[in-house]
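Protein chains: 2
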Amino acid sequence: MIIGAIEAGGTKFVCGIGNEDGVISERVSIPTTTPEKTMTEVVAFFEDKGIEALGIGSFGPVELDQSSSTYGFITSTPKPHWAQFDLVGELKKHFDVPVGFDTDVNAAALGESLWGAAKGLDSCLYMTVGTGIGVGALAEGKLVHGLTHPEMGHIMVRRHKDDTFAGRCPFHGDCLEGMAAGPAIQDRWGKKGHELEGSPEVWEMEAHYLAQAIANYVLILSPKKVIVGGGVMKQKQLYPLVREKVKEILNGYVQHEQILERMDEYIVAPGLGDNAGLAGAIGLVR
Amino acid sequence: MIIGAIEAGGTKFVCGIGNEDGVISERVSIPTTTPEKTMTEVVAFFEDKGIEALGIGSFGPVELDQSSSTYGFITSTPKPHWAQFDLVGELKKHFDVPVGFDTDVNAAALGESLWGAAKGLDSCLYMTVGTGIGVGALAEGKLVHGLTHPEMGHIMVRRHKDDTFAGRCPFHGDCLEGMAAGPAIQDRWGKKGHELEGSPEVWEMEAHYLAQAIANYVLILSPKKVIVGGGVMKQKQLYPLVREKVKEILNGYVQHEQILERMDEYIVAPGLGDNAGLAGAIGLVR
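As structure tokens, then:
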């Protein structure tokens, strides 16, 4: 089967062709500018590929309720030009094939459960820590939507005792994203993450926030695997710091060997690397 | 169909007989003492009822993994005599019928979705604020188990600015349960909740903690309805306080009319009152 896949991000649309086993044979990256320009290029890429289905994982917020008149729309994004854009509708005009649609992070969670770090599990989280913080969730074999879709990047967290940074989320100030996404690191320390590699206090503080969030996710969703990726996590020293702090916070309360003894297999990097989103988009149409 | 139902709590086992429509025709309350004494009475109650199936919602932690050798056990509870007790196994010895088993709060969430405040919805939370704080979750039509089962009562919360109480969770000190369950109220203020009815500062502080937790649950699970019950919520003035603070915390970020405009229908008391758990236990075998 020839499946088209789109990972629609705020910076770029990654488009690819794959099969039902998640094998990707071709991919291109198209800058996210205006819907008109970007979509013209996206449509041109798929036009002669003979796709039989199309899967889309998109930045959000998006409308996932199939009974809604705005199903398939990117809704209230602050990104210029893209608010209330009918992403699925626009593609349906050009391709008369079944379409699967979900958030970028839900797609990545699905991709990881099909072919990546959570392979074979019916439950996992996919967290990306970059320009923003987003988390997708697979629970009991299904991607979690609910009322809208999870927005776990915006949960409230306790401040680090040495942190005087005000936070930069326009909605919540010092929520998780406001304190721990890439731009918060840059604003707080005056340098980009990769320039701060040799400053342990930076990563101790970052791990403080990420571990709190993950501990709460574990207590609330009880995922079988927590996958953490995104630009900020290129700082690999974060993984052991985060694992240790999650264990400290839970303090033996969740009695499962994964958490008590095998934390290094529980909180992990994406198994599919940068392909999680694209593979997940393929998974959405399976 | 004659269905036996058990709501197994740390204080009492409520046993009942109902049908597949959740109509309860008979119920008794049996004190939770030792497994031997309590179970003898439970078995005696059901013995001549001709039950064709048995549903059990239990205090926990419990083992829900059907492939585990300890499936159906109450596991690491601090409650004397009950740790590692094979609840399902003991009942199976006496009743050769299909058994449904889950946590008490998951059962209540299911009951509310079948016949109560979340009727017809495929997603809801059931939160009980009493001696402890427990939350059950239905997501995408399924009760959430995952690795073990959710333990949402133990998430980290931000302290209220005027609160010097240390918290009383033996695992986490000032987690949600440590700060906001009934015994925390009593320890902090030196009186029981019902004696503090006329003290608005008590309920403002209590709402501060509950609203934070609910806002996090909404961001993480995106439930279609949040049902809050339990002894502490007999203080009905808490409901509007909690709703208002959840709205303040989310600050317009989750753009759904339920949250923006109809919060009084979104965060609600149990539709089944004190029968949610028992009805949910019936639901577990449907």
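For the record, the sequence lines run as chains A and B. For the first sequence, our numbering begins at 1 and goes up steadily by one. For the second sequence, our numbering begins at 287 and goes up steadily by one. Heads up, the beta-carbon is just placed ideally off N, CA and C, and yes, glycines get one too. Small disclaimer: the values here were computed from a predicted structure and weren't measured.
Closer than 7 Å to chain B by CB, A/K247: no
Secondary structure of B/S409, DSSP reduced to three states: coil
Simplified DSSP assignment, three categories, for A/P240: helix
Proximity test, B/C301 beta-carbon vs the ligand NAP heavy atom, cut-off 6 Å: In the structure on display, the ligand NAP does not appear, and there are no ligands present to speak of.
Chain-order list of residues whose beta-carbon lies under 7 Å from that of A/S123 (same chain, five-residue window excluded): L138, A139, E140, P223, K224
Chain A contact for B/A395 (CB, 7 Å cutoff): no
Alpha-carbon spacing of B/I545 relative to A/F171, whole angstroms: 15 Å
Buried versus exposed, by CB contacts within 10 Å (16 or more), B/G538: exposed
Span of the beta strand (DSSP E) around B/A339: 339-344
Proximity winner among B/L433, B/T356, B/V504, relative to A/G153 (alpha-carbon distances): B/V504
Residues from the segment 146-161 of chain A in contact with chain B, defined by Cβ distance under 7 Å: G146, L147, T148, H149, P150, E151, M152, H154, I155, M156, R158
Listed by chain order, chain B residues near A/E140 by CB distance under 9 Å: A425, E426, G427, K428, L429, V430, H431, G432
7 Å Cβ cutoff, B/F457 in contact with chain A: yes
Buried versus exposed call for A/G273 [16 or more other C-beta atoms within 10 Å across all chains shown]: exposed
Interface residues of chain B facing A/G252 [CB-CB closer than 9 Å]: F457
Supposed contact pair B/G566 and B/Q521 - C-beta distance, whole angstroms, cut 8 Å: With a Cβ gap of about 24 Å, B/Q521 and B/G566 do not count as contacting.
Proximity of B/A393 and B/G517 at Cβ, strictly below 7 Å: no
Residue nearest to A/M127 in terms of C-alpha spacing, selected from A/G271, A/E201, A/G283: A/G271
Beta-carbon spacing of B/M325, B/E376 below 7 Å: yes
Listed by chain order, chain A residues near B/Y503 by CB distance under 7 Å: I220
Chain-ordered chain B contacts of A/T75 [CB-CB under 8 Å]: Q541
Best match in A/C169, A/I220, A/I3 for proximity to A/I133 [C-alpha to C-alpha]: A/C169
Residue range of the alpha helix (DSSP H) that includes A/T103: First-last for A/T103: 99-103, but that is the beta strand (DSSP E), not the alpha helix (DSSP H).
Inter-stretch contact at 8 Å, needing at least 3 Cβ pairs: the segment 17-29 of chain A / the segment 76-85 of chain A: no
Contact under 7 Å by Cβ, A/A269 with A/V246: no
Within-7 Å CB hit, A/S123 to chain B: yes
Under the three-state DSSP convention, the category A/P200 falls into: helix
Within chain A, partners of B/K510 - CB distance below 8 Å: G146, L147
Contact set between the segment 51-72 of chain A and chain B, restricted to residues whose Cβ is under 9 Å from the partner: P61
Distance between B/K428 and B/F345 (C-alpha atoms, nearest Å): 19 Å
When A/S68, A/A109, A/A118 are compared against A/E265, the one with the closest alpha-carbon: A/A118
Own chain partners of A/P150 with C-beta closer than 7 Å, once the 5 adjacent residues on each side are dropped: V135, A137, V144
Burial state of A/G120, where buried means 16 or more other Cβ atoms lie within 10 Å: exposed
C-beta neighbour in chain A for B/Q498, strict 7 Å: yes
Contacts around A/D187, its chain only, beta-carbon distance under 8 Å, and the 5 residues preceding and following it disregarded: F165, R168
Contacting residues, own chain, Cβ-Cβ under 6 Å from B/M465 (five flanking each side not counted): G453, Y495
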